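Position 149 of the sequence shown, counting from 1, maps to 148 under numbering that gives the first Met the number 0, and the rest follow consecutively.
C-beta atoms are modelled at their ideal positions from N, C-alpha and C, and glycine is treated no differently.
Treat the numbers as computed from the prediction; the structure is a model and nothing was measured.
In what follows, a single structure is set out as structure tokens and then discussed.
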Amino acid sequence: MLKRTGSKVVIDALADAGVTTVFGYPGGAIMPFYDALLDSPLEHILVRHEQSATHAADGYARASGRMGVCIATSGPGATNLVTGICTAAMDSTPLLCITGQVPTALIGTDAFQEADVPGLVTAISKHYYQVRDVDDLPEIIAEAIFLTTTGRPGPVVVDIPKDVQIATTTRRCEPIDHVDGYVARPVCDEAKVRLAHELLKSAEKPVCIVGGGCKLSGATEKFREWCDITQMPVITTLNGIGCADPEYKGWLGMPGMHGHRRSNRAITECDLIVAMGIRFDDRVTGKLAMFAPEARIIHIDIDECELSKLVKVDAALHSDMGAALEMWLPLFTSDPVPDFAEWRDEAMAIGTGLNPAPAPADGKVAPTTLLDEVMQLIGGDAIVTTDVGQHQMWAAQRVRASHPTKFVTSGGAGTMGFGLPSAMGAQFACKDQRVLAIAGDGGFQMTMSELATIRRCNLPLKILVMDNKFLGMVRQWQEMFFDNRYSGVDLSDNPDFAALARVFGLTAFTLNEADRMGETLAAWWNCDGPALLHAICHLEENVFPMVPAGAGLADMVESA
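Next up, the structure:
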């Protein structure tokens, strides 16, 4: 029987699962695995920080729909993955994390670069393994791949001691299609679907809210067919952006804290909510007691724990969204629903609440005007990634993604530093597509060392750094709710980001006057290779609409 090292077992399993690209950073405890990588078909991308490996693999997965893979050594290598693991868990990204570990005989002895990886990731991963015997590794790696990519996807961590990577086994890694006690694809209950249909038939002002579950289930086309049939108003959450056709005449936009006026108004006035693949996050609902006060609720989700977790629902469908829609769509032919076009048009007529920003007196660039121009320039087919903060909300309010894989952002965790490395991952996954990374000056500086990776790999992505010299979202809250007492938000000593990009070998542009916007944007977007635009923006523009913390969606504030 052919013997293979533990490292070779893992690499072969990844290749057999269709993995072509992995992101990582080596070290002592993972060195045998890296040695085996040299003879493998896998493309390894050396990042400049382990956190970036997780974000790049995350962006790769979100843009492609395939599993992302990241690798790190033991101790600080593994701990540097934690933020990215949490980010992936909150947004249900299929992410496989492989960490090296000290030899099995040293585990628990506080050996050099030892960390209790299972203890660290228990609460933020879908599952974790620490392999103690190389003969167990083939089954474990097969199970890990299955778990991360099925059901509600999420990060799975496999911690492999150095001696297990070196040891050999004759056992094979066979793909699996089930794990005892784990329901990968729940069977949709036809009676629940019929109940949902009856609730929709009896509604006069229904609203659909769709989230990231639509993308994860591959249900975008079925969902758009459902929209065309029902013609009801549709709202997309932050991770659901792109699920509705941007040209659909009932697409209201985004809900919640920084949602569009018409979205929040429709939720407040509707008599039925059809929630698909969402988890009723607090940033979507506002104060729960005031959320959709007149509405009955249908909720479709593959994770049974989400059903009636926060919002009590009237029809709970524990199902993959695609399977539920496949069962539901034929009912519209045999049992038609009312025409909701009049209500749809009434909801749309409320408007977005995105008022044009006044021209700053200092002649600087208004951030929202800049993003209006950028979105018009790039169209709906470019992949847009964002960091976290004001620019994220402004971008989400304005992007017109043609598909949910075209908008990549950290939703549940709100992880600063996500934007640049996730754009790298998206570009590796979609080599022939245009990719734009939008970052604020705060988040950009958390992972800007990846400019070196971008240059070395000659990734043609474009980077927009919106520099308002503040941690803008925190500053906005301090202005509105803490009597303008700015604390810890001053970034007035920012570097010249264009000069910095040139040091890394990128083409770079600076935009500091509004009247040069069009020509500068065109030169930046249309140049060859990687390029950064440093936009020096007006300092204190705020994100509106805004629902204050603890308020209901009806209490939305639309201006300062």
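- Decide if the segment 140 to 159 is in contact with the segment 85 to 97; the criterion is three or more beta carbon pairs, one per stretch, under 8 Å apart. yes
- Item | Helix, strand or coil at E305 [DSSP, three-state] | helix
- Can you name the start and end residues of the beta strand (DSSP E) that D466 belongs to? 461 to 466
- Item | As assigned by DSSP and simplified to three states, the class of I208 | strand
- Item | Boundaries (first-last residue) of the alpha helix (DSSP H) holding V120 | 116 to 120
- Whose C-beta lies closer than 6 Å to the C-beta of R560 among residues of the same chain, with five residues either side of it excluded? The chain is shown only over 0 to 559; residue 560 falls outside these bounds and no answer can be derived.
- Query: Would you say W523 and K461 are within 8 Å of each other, going by their C-beta atoms?
  - Reply: yes
- Task: Let me know if H177 comes out buried or exposed under the rule of 16 or more other beta-carbons within 10 Å of its beta-carbon.
- Result: exposed
- Any idea what DSSP makes of Y128, helix, strand or coil? Y128 sits in a strand when the DSSP states are folded into three classes.
- Message: Which residue marks the beginning of the alpha helix (DSSP H) containing H402, and which one marks its end?
- Response: H402 -> no alpha helix (DSSP H), and no H or E assigned at all.
- Message: Quick check on I10: buried or exposed, where buried means 16 or more other Cβ atoms within 10 Å of its Cβ?
- Response: Buried: at least 16 other Cβ atoms inside 10 Å.
- Message: I'd like the list of long-range same chain contacts for I437, defined as Cβ closer than 6 Å, with 5 residues on each side in sequence excluded.
- Response: Around I437: T385, H390, A394, L463.
- Message: Assuming the contact rule is C-beta atoms closer than 8 Å, P420 and A55 should be a hit. Round their C-beta distance to whole Å, please.
- Response: 4 Å
- Query: On the premise that P102 lies in contact with K125, defined as a C-beta separation below 8 Å, what is that separation, rounded to the nearest angstrom?
  - Reply: That belief does not hold up - the Cβ atoms of K125 and P102 are roughly 27 Å apart, past 8 Å.
- Determine the burial state of A360: buried for a count of at least 16 other Cβ atoms within 10 Å of its Cβ, exposed for fewer. exposed
- Residues that DSSP places opposite G23 in a beta bridge: L45, I70
- Item | Assigned exposure category for S73 - 16 Cβ within 10 Å defines buried | buried
- Query: Is there contact between the segment 227 to 234 and the segment 357 to 372, where contact requires at least three CB pairs shorter than 8 Å?
  - Reply: no
- Task: Measure the beta-carbon distance from G321 to S216 and round it to whole angstroms, keeping in mind my assumption that it falls under 8 Å.
- Result: 4 Å
- Message: Looking at the secondary structure, which residues open and close the alpha helix (DSSP H) in which A346 lies?
- Response: 340 to 347
- Task: Please check if any C-beta of chain D sits within less than 8 Å of the C-beta of C242.
- Result: In the structure shown, chain D cannot be found, because there is only a single protein chain.
- Item | Contacting residues, own chain, Cβ-Cβ under 7 Å from I175 (five flanking each side not counted) | A141, E142, F145
- Do you know whose CA, among A14, L80, G58, R61, lies nearest G23's CA? Residue L80 is the option with its Cα nearest to G23.
- Counterpart residues of M275 in DSSP-defined beta bridges: V209, I299
- Task: Output the distance between the C-alpha atoms of Y247 and C536, rounded to the nearest integer angstrom.
- Result: 33 Å
- Please report the residue range of the alpha helix (DSSP H) in which A87 lies. For A87, the enclosing alpha helix (DSSP H) covers residues 81 to 89.
- Query: What does T167 pair with, by DSSP beta-bridge criteria?
  - Reply: T4
- If you follow the alpha helix (DSSP H) that A16 is part of, which residue opens it and which one closes it? A16 -> no alpha helix (DSSP H), and no H or E assigned at all.
- Alpha-carbon to alpha-carbon, V192 and F339: 20 Å
- Message: Taking the straight line between their C-alpha atoms, what separation do you get for D302 and L330?
- Response: 24 Å
- Cβ-based burial, L316 [other Cβ within 10 Å; buried from 16]: buried
- Under three-state DSSP, which class holds D489? strand
- Contained beta strand (DSSP E) runs [length at least 3] in the segment 232 to 298, N- to C-terminal order: 233 to 235, 250 to 252, 271 to 275
- Query: Counting Cβ pairs closer than 8 Å, one from the segment 507 to 519 and one from the segment 413 to 428, do we hit at least three?
  - Reply: no
- Query: Exposed or buried, S491, counting other C-beta atoms within 10 Å across all chains shown (16 or more means buried)?
  - Reply: Result: exposed.
- Message: Assuming contact is defined by CB atoms lying nearer than 8 Å, are N457 and G549 in contact in what I supplied?
- Response: no
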